[in-house]
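Structure, as structure tokens:
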Amino acid sequence: MVTVSPQSTRRTVLLAFTLSAFGLVACGKKTESSSEPAAAVSAATPEAAKKGGDLTVGFIYVGPKDDYGYNQAHAEGAKFVASMPGVKIREEEKVPESMEVQKTMESMINLDNAKLLFPTSFGYFDPHILKLADKYKDTTFLHCGGLYTEGKHPANVGSYFGYIDEAQYVAGVVAGLTTKTGKLGFIAAKPIPQVLRNVNAFTLGARSVNPKATTKVIFTGDWALPVKEAEAANSLADQGVDVLTSHVDSPKVVVETAERRGIFSSGYHASQAALAPKGYLTGAEWNWAKVYEDYVNKVKAGEKWDHLVRGGFKEGYIKMSPYGTPVSDEAKKKADEAKAGLTAGTLIIFKGPLKDNKGKEIIPAGKELGQRDIELEKMDYLVEGVEGSTS
Amino acid sequence: MESVSTSTLATEPVPIRERAWLSPLLGVLDSLLIPAASLVASLAVFALFILITGNPPFEVLSEMYRGAFGTWFSFQNTLLRAAPLMLTGLCTALPARLGLIIIGGEGAMVVGGVAAAATGVALTDSPPYVVLGAMMLAAMLVGGLWIGLAGALKVFRGVNETISSLLLAYLGIALLNHLVEGPLKDPESLNKPSTRHIGEANMLGNLPGLDVHYGLLFGLMACVGAWLLMDHSVFGFSGRIVGGNSRAARLSGLGVPKLVILTCGLAGAAAGLAGMVEVAAVHGKANASLMTGYGYTGILVAFLARQHPLGVIAVAVLLGGIGASGGLLQRQFELPDATVSVLQGIIFVVLLVGESFRGKWKLSRLLGSPA
Amino acid sequence: METEAANAIGLWGVPLAVIGGMLRVSAPFLFVSLGECITEKSGRVNLGLEGTLVMGAMSGYGFSYLTGSAWLGVLAAGVVGFGFGALHGWLCGRPRVNDIAVGIAMMLLGVGLAFFLGKPLIQPTAPRLPSFSLGFWSDTPQVVSALSVNLLFLIGVALAPLLAWAFNNTRYGLVVRTVGESTDAARAMGYDVKSVRLWATATGGILAGVGGSFLSLFYPGSWNEGLSSGQGLMAVALVIFARWDPIKCLYASLLFGGASALGPALQSVGISSGYYLFNAAPYALTLAIMVWANSAQRTVEGMPAELASAR
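Protein chains in written order, with this note's numbering: chain B, 333 to 723; chain S, 542 to 912; chain C, 43 to 353.
Structure below.
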């Protein structure tokens, strides 16, 4: 009589597990041994790969690729690069600004044979890119942030940035002419120069057509805090603000909340028009595809590329979202004029006399700060007309 | 059965089940059997999950292996990620021996990191060893205070330590942000507010011959030290009694409050040290990048290692490997970053299920011995 | 005319925002803490509600998008929450398994799975839950919108006294409480402790899932990966703070919601220094209250006896 005892059941199950374990390990070992020499070969002969095959370009994002914001703007540029002939891309998202990005870059260089890397988050530069650039002199690192200093940083590193404050200025013009209460709202992450520049440009644009317009700014403290952003949007709406814009990683929440409160919104990074069919005015967007196209072509052809690439409307590095339905013809006209002026270089955003919101004079009368002026990189003030403080 | 006293030098071989050395060996293998089997089972579940999402399971798993252990580069990447996890894992594992569940390692890590950065900046002109030593002390002290506070609140006010350590973690992060963007901010660091750099000369370097910094050594030493402390000292023994039955411990005059606070302090010191390593070996300053999430992953490490300090080493390497391979998964298969979290969750759940079989499945019983 | 009214708000904006915050932000806390209340009354802790919350948010949003009805999304979130709660309950029912460990495992699994499956949901906009305003009597638009609530929130508010009544007056409530107070007594009365706890945990999961759907379908009303900032875990703290009394859970949730709104509200009237510290107000508040309310000596009043030994 054969009875199935608990003991024998246990033994059978144990045996099954052990066998499957061996099976998995065996499979793993087989493919591992075939990929090891491949990795070794690819690291040793990068020339061979470049000559014959595609150029592999690596993109690294600090957040999700589809955040309707900062990272998505870069990902859209990457998608364009992927469509270029003879180019292959590798992307990795949600890579924090720590040791992890160094390892990600090294992995892309060693295991994917990437020769050109675009690490897109500001905090990737120091120390991460700098450390790796010294180690991998054959690879080109192009960073978004404009931090490159000639002579201080290695030759295989470059940086680029767009003067998106020009676009925010134009958005401000539209906002200034559309607002009924005269109160504009700006939801920002942190009071760093790039953000302050946007806040100020937006306000200056609005006040250039509506001298009584004011901007209330709220700092949420970090780049992606949806609940805080929603709260800020609601508080601002409570205070009578009727045009909202933002500088956070994903403006999605701000735009949606504005739409729900029945007020206007102006986008940032990428177009959020789909989220606010009734209230979306326009938006300040990046046009990274242009920047990436230029770089990739130069690297592929082996030509020299510029280490510090910055541009606004004139170079095509930024763009405006198409005007929404609530935008009046007058607003469109004025906005287009401003855009033309900025493109031609005749319109200067930061010029004297300019006071900050505490009454102190920042730029004396007669003085103008062009977009490339280094002074603007250190901005730590809010201009007159902005309600809020940087600390 | 007949007694064997008449023939102690019997020529018959002793049946394998009764050999003297077998029991302890079986004991060790027993304790490894469940985790090993769980690991295999969880890989199987994960493979099924991958299959459902429409990706080839074996390829995915083998790419993970390649990304974690397959090349020398991968292995170093794994070790690099494992280093902080060993320290933050201790932050949960140590108090767990006393029956406390602490999940605030992230907070202790960031405040320790800020303290280390501030100390480093203040002493930046002193010789490097002095600077590093001071940074370590500062980080361990502040981190230790953070978790020690949770322990003290538990002992003196009965506040649930899990919740209080978590709340303290949130407060620690708020403090980090406030200090880094305010009082301690380096005026040059405009677009990414940070403390001042501690000086290149004062940075923690790499271990000789490896591309991994000294943090790995700190982690290994801390775990071994913790093991010696908890398993081979009076302090550790007392701690285990507290963990077993707090009332009995109190009655026998073990000084429970002191034990609890001290253990929590040590736990926080380990996490604080992890923060110091992030500052001294990676960034050179403290800023928002210090919020790496290592503290939270450390909780997972501790639980998977069943709160054993040496197990923490092994699990840290495992999780480091999984994390290291995550990037490859994203790039080769376009699987989202969350895949790694799913795997971690699966491993944890399967391990817990496996644990419940403990006692029912023993190697010794399988071999038929009476043990 | 509108401008004058708008300007007249001024500093009143702060308390108004706090009240608005109470009504907006507290709902997830409310649902999760009520659910956790049921679970803890039966003698078990469920730390995995954070994962259940996020899964609920994701599945609610997804279903609402797929079916075009936000309420179906809420239903789906409840079902998913039930599933996760049941999994947690089953795992804890096995021998030698630690509640807290299971909770952390479920948190990881829930959050990871939600982000994984929710990837395609970040782009589209799903239909949202409708709202109406309790401030319909006011001319000031700010008041109208601050007092705008949604049916789900009201359901939650009604649920609190209902639960309190149920614990004291229904058979199910009594069973749950007995199991939580003394497993021996429960067994003597013929109740299957494991099964009661399983159902209690699963029910708690339903509420947590629904709470999550509130986040994605009402406020902030969209799905992305930063949606929850530890609300599930905070809710567990709230239950302890509320002494396992559903009515007190309601008050605690409102308090918490109001505290969360304080930071941005202060900034909008111009008080902006130290905003990180203001934003940390809810956590500091919870900690302070827990310290004040507890004492090592006297037994924590209202705590189900089995909860302590379950640790």
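Using N, Cα and C, we set each Cβ at its ideal position, and we do this for glycine too.
Owing to the predicted nature of the structure, the values given are computational and were not obtained by experimental measurement.
Taking DSSP as the reference, what is the three-state secondary structure of residue i?
i: B/Ser-491; result: strand
i: B/Arg-422; result: strand
i: C/Thr-167; result: coil
i: B/Gln-703; result: coil
i: B/Asp-444; result: coil
i: B/Met-416; result: coil
i: C/Ala-307; result: helix
i: B/Asp-688; result: strand
i: B/Lys-584; result: helix
i: B/Val-573; result: coil
i: C/Lys-290; result: helix
i: C/Val-191; result: strand
i: B/Tyr-468; result: coil
i: B/Pro-451; result: strand
i: B/Asn-629; result: helix
i: S/Ser-830; result: helix
Please report the residue range of the beta strand (DSSP E) in which residue i lies.
i: B/Lys-515; result: 515–520
i: B/Ser-597; result: 596–601
Tell me the residue span of the alpha helix (DSSP H) that contains residue i.
i: S/Val-883; result: 879–896
i: C/Gly-274; result: 273–283
i: B/Ile-461; result: Taken as a continuous stretch (DSSP letters only), B/Ile-461 belongs to no alpha helix (DSSP H), as it is neither H nor E.
i: C/Asp-325; result: Position check: residue 325 of chain C holds Tyr in this sequence, whereas Asp was assumed. From DSSP, the alpha helix (DSSP H) with C/Tyr-325 extends over 323–335.
i: C/Phe-158; result: 141–160
i: B/Ile-760; result: Absent from the model: residue 760 of chain B. The displayed extent of chain B is 333 to 723, so no value can be given.
i: B/Gly-615; result: Unbroken run through B/Gly-615 is the beta strand (DSSP E), 612–618; no alpha helix (DSSP H).
When you compare the CB of residue i with every CB in chain S, is at least one pair closer than 8 Å?
i: C/Met-332; result: yes
i: B/Ser-578; result: no
i: C/Gly-274; result: no
i: B/Phe-454; result: yes
i: B/Ala-381; result: In this predicted model, B/Ala-381 has a pLDDT of only 37, less than 50, meaning its place in the structure is not dependable; the value taken from the coordinates is given anyway. So no, B/Ala-381 is outside the interface.
i: C/Val-139; result: yes
i: C/Met-43; result: Caution is warranted here: a pLDDT of 35 is assigned to C/Met-43, below 50, making its placement in the model unreliable, and no coordinate value can be reported.
Quick check on residue i - is its C-beta less than 8 Å from some C-beta in chain B?
i: S/Leu-892; result: no
i: C/Gly-247; result: no
i: S/Arg-737; result: no
i: C/Val-186; result: no
i: C/Thr-328; result: no
i: C/Gly-62; result: yes
i: S/Thr-833; result: yes
Say whether chain C places a C-beta atom closer than 8 Å to the C-beta of residue i.
i: B/Gln-571; result: yes
i: S/Thr-660; result: no
i: S/Gln-885; result: yes
i: S/Ser-882; result: yes
i: S/Thr-629; result: no
i: S/Ala-913; result: No answer is possible for residue 913 of chain S: it lies beyond the span of chain S, which begins at 542 and ends at 912.
i: B/Ile-392; result: no
i: S/Ile-802; result: no
Checklist entry - If you pair each beta-carbon of the region 725–741 of chain S with each one of the region 603–613 of chain S, do three or more pairs fall below 8 Å? => result no
Next on the checklist: With three or more C-beta pairs closer than 8 Å as the rule, is the region 506–521 of chain B touching the region 564–575 of chain B?
Outcome noted: yes
Checklist entry - Closer than 8 Å, Cβ to any Cβ of chain C: which residues of the region 500–529 of chain B, in chain order? => result Lys-512, Thr-513, Gly-514, Lys-515
Next on the checklist: Does the region 213–228 of chain C come into contact with the region 133–142 of chain C, if we say contact requires no fewer than three beta-carbon pairs (one atom in each stretch) closer than 8 Å?
Outcome noted: With a cut-off of 8 Å, the region 133–142 of chain C and the region 213–228 of chain C do not count as touching, because too few Cβ pairs lie within range.
Next on the checklist: Using a Cβ-Cβ cutoff of 7 Å, what residues of the region 612–625 of chain S are near chain B? List them in chain order.
Outcome noted: Thr-612, Phe-614, Asn-618, Leu-621
Next on the checklist: Tell me whether the region 538–557 of chain B and the region 856–872 of chain S touch, counting them as touching only if at least three CB pairs, one residue from each stretch, are closer than 8 Å.
Outcome noted: Between the region 538–557 of chain B and the region 856–872 of chain S there are fewer than three inter-stretch CB-CB distances shorter than 8 Å, so the stretches are not counted as touching.
Item to check | Within 7 Å of chain S by C-beta, residues of the region 141–163 of chain C in sequence order | outcome: Ile-142, Ala-143, Val-144, Ile-146, Ala-147, Leu-150, Leu-151, Val-153, Gly-154, Leu-155, Phe-157, Phe-158, Lys-161
Item to check | Segment contact, 8 Å Cβ cut-off, at least three pairs: the region 461–475 of chain B with the region 502–514 of chain B | outcome: no
Checklist entry - Going along the region 250–275 of chain C in order, which residues come within less than 7 Å of chain B, judged by CB to CB distance? => result Tyr-261, Pro-262, Gly-263, Ser-264, Asn-266, Glu-267, Gly-268, Leu-269, Ser-271
Checklist entry - How do the region 616–627 of chain S and the region 783–792 of chain S stand: do at least 3 beta-carbon pairs fall below 8 Å, yes or no? => result Touching, no.
Item to check | the region 714–727 of chain S: positions lying closer than 7 Å to chain C by Cβ | outcome: Ala-715, Asn-718, His-719
Checklist entry - Using 8 Å as the threshold, is the region 821–829 of chain S in touch with the region 611–619 of chain S, meaning 3 or more CB pairs across them? => result In this structure the region 821–829 of chain S does not touch the region 611–619 of chain S; the number of beta carbon pairs closer than 8 Å is below three.
Item to check | Cβ-based contacts, 8 Å cut-off: residues of the region 294–326 of chain C near chain B | outcome: Ser-302, Ala-303, Gly-305, Pro-306, Ala-307, Gln-309, Ser-310, Val-311, Gly-312, Ser-314, Ser-315, Tyr-317, Tyr-318, Asn-321
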